[in-house]
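J.: Residue numbers (the UniProt record's numbering), protein chains in the order written: chain G, 1 to 207; chain P, 1 to 207.
Below: one structure in structure tokens.
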DNA sequence: TAGATTGTTAATCGATTAACAATC
DNA sequence: TAGATTGTTAATCGATTAACAATC
């Protein structure tokens, strides 16, 4: 385990991709997989996959490949998904509600434990067993429930304000669906789920 | 215009980000912006922004900066957003419905013109003025409406099947929200809106 | 043993950034 | 003119890939 090394962001971003396919293999009772097979399926170079995994340890066996279950366990450890991570969602609009109901991350140990919205129509409603709370209760709830990640699904115009409140409440990471760049202190991690940019850039490649 | 040059994907992906902020400036009646200001706001290196734009032409004025309206116009041309691009959405679940209602890309000239789903409960329902059609009508409708892009919001297990049908119907690009890698012919462009990977990789950086 | 596949080094490729002449 | 800022080159930095000894 070379955990002293600084691992690049591009490497970390591939780990969930590996994990997902490994889970699929596991469900099909496949015992072992090679970097070759992984690469084929995921459109990645096998050498890259081996190198990615080698940053974290020696998980494979020469001549054999990787034990599927063992590698799943290891990647989950690396991503810190061996513990439950509590998540709050802010913005109970169409997208927010969709993500709450999705809740497929639950099997990955990330669980939406609270939903916030300031719209009077929304407050008090129930979404997937969770009552929508006003933003004024965010600080208290986030601390009480040990929530460490916030998902922002409010309009772009409100995203920075919500981010500020999340930081203030002691959140450690943010997944921002609002189509805007937000400013947070150094120690807060922000990922962008920017599907409008994904869609618009697609137009460039047409025809 | 050095349009012969092969532009890298990372450059193209930043164009919608520029466009978005330029639109904001335009609405605030800002006439001119420097790469410095853009970089500040978007957390990007000013040299990178100048280089990105210079791939497509000389849009700025030395000593002055970029004319906001002119640059918006140019970026829209580059991304081919000066024409309307018709889009189909496949999978009228929570997420699909959310994206239909969103339809904020409409102002960017990408418009969802058809919605498909095979679930009997869904077929015939109306979502944002569009009637949900069965997949069996996809081929015909896509050709009739000149639809060039497909958004996949079905479960991962069905994504490849839907992608195959989209390709068969003559689609040119796909935005895939299903958490799985899909295989398509060389000439089809696929972008991934993989927010579960964004969320899981966030866990790595906590604490 | 022979075949397969890892972990890792070295080579390549591509992206970012600094620096600055050109010029508004 | 003096100050600001572009477009572009060169330097740096980082990521991908090929190749192969080690070994199951």
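Beta carbons are placed, not taken as given, at the ideal position from N, Cα and C, and that holds for glycine.
1) Would you mind working out which of P:35, P:41, P:19 sits nearest residue 69 (chain P), comparing C-alpha positions?
2) Can you give me the C-alpha to C-alpha distance between residue 172 (chain P) and residue 191 (chain G), rounded to a whole angstrom?
3) Within 10 Å of its beta-carbon, does residue 179 (chain P) have 16 or more other beta-carbons around it, so buried, or fewer, so exposed?
4) Taking 7 Å as the threshold (C-beta atoms), are residue 162 (chain P) and residue 154 (chain P) in contact?
5) Return the first residue and the last residue of the alpha helix (DSSP H) that residue 111 (chain P) is part of.
6) When Cβ atoms are compared, which residues of the segment 182-202 of chain G fall closer than 7 Å to chain P?
7) Mind checking if residue 38 (chain G) is an interface residue toward chain P, Cβ cutoff 7 Å exclusive?
8) Taking a cut of 9 Å between CB atoms, which residues from the segment 10-26 of chain G lie near chain P?
9) May I have the straight-line CA-CA distance separating residue 197 (chain G) from residue 16 (chain P), to the nearest angstrom?
10) Mind listing the chain G neighbours of residue 179 (chain P)? Cutoff is C-beta to C-beta under 7 Å, in chain order.
11) Could you list which residues in chain P have their beta carbon closer than 8 Å to that of residue 168 (chain G), in chain order?
12) Is the Cβ of residue 145 (chain P) closer than 7 Å to any Cβ of chain G?
13) When the Cα atoms are used, what is the spatial distance from residue 169 (chain G) to residue 107 (chain P)?
14) Comparing alpha-carbon positions, which option in G:11, G:37, G:61, G:90 lies nearest residue 55 (chain G)?
15) Taking three-plus beta-carbon pairs below 8 Å as touching, is the segment 86-96 of chain P in contact with the segment 47-65 of chain P?
16) Under DSSP, the alpha helix (DSSP H) around residue 101 (chain G) begins and ends at which residues?
17) With 16 other CB atoms within 10 Å as the buried threshold, where does residue 113 (chain G) fall?
18) Note down, in chain order, each residue of its chain lying with its Cβ closer than 7 Å to the Cβ of residue 99 (chain G), except the 5 sequence neighbours on either side.
19) Take residue 159 (chain P) and list the residues in its own chain whose beta-carbon comes closer than 7 Å to its own, dropping the five residues that flank it on each side.
20) If you reduce the DSSP assignment to three classes, tell me which class residue 31 (chain P) lands in.
21) Taking just the CA atoms, how far does residue 72 (chain G) sit from residue 50 (chain G)?
22) Could you check whether residue 201 (chain P) and residue 13 (chain G) sit closer than 7 Å to each other, using their CB atoms as the reference points?
23) Are there 16 or more other CB atoms within 10 angstroms of the CB of residue 96 (chain G), so buried, or fewer, so exposed?
T.: This is what the structure gives:
1) P:19
2) 28 Å
3) buried
4) yes
5) That residue, residue 111 (chain P), is in no alpha helix (DSSP H); its beta strand (DSSP E) goes 110-116.
6) 189, 191, 193, 195, 196, 197, 198, 199, 200, 201, 202
7) no
8) 12, 13, 14, 15, 16, 17, 19, 20, 21, 24
9) 5 Å
10) 20
11) Within 8 Å Cβ-Cβ: nothing; residue 168 (chain G) doesn't reach chain P, min ~18 Å.
12) no
13) 35 Å
14) G:11
15) no
16) 94-102
17) buried
18) 89, 151, 153
19) 152, 176, 178, 180, 182
20) coil
21) 15 Å
22) yes
23) buried
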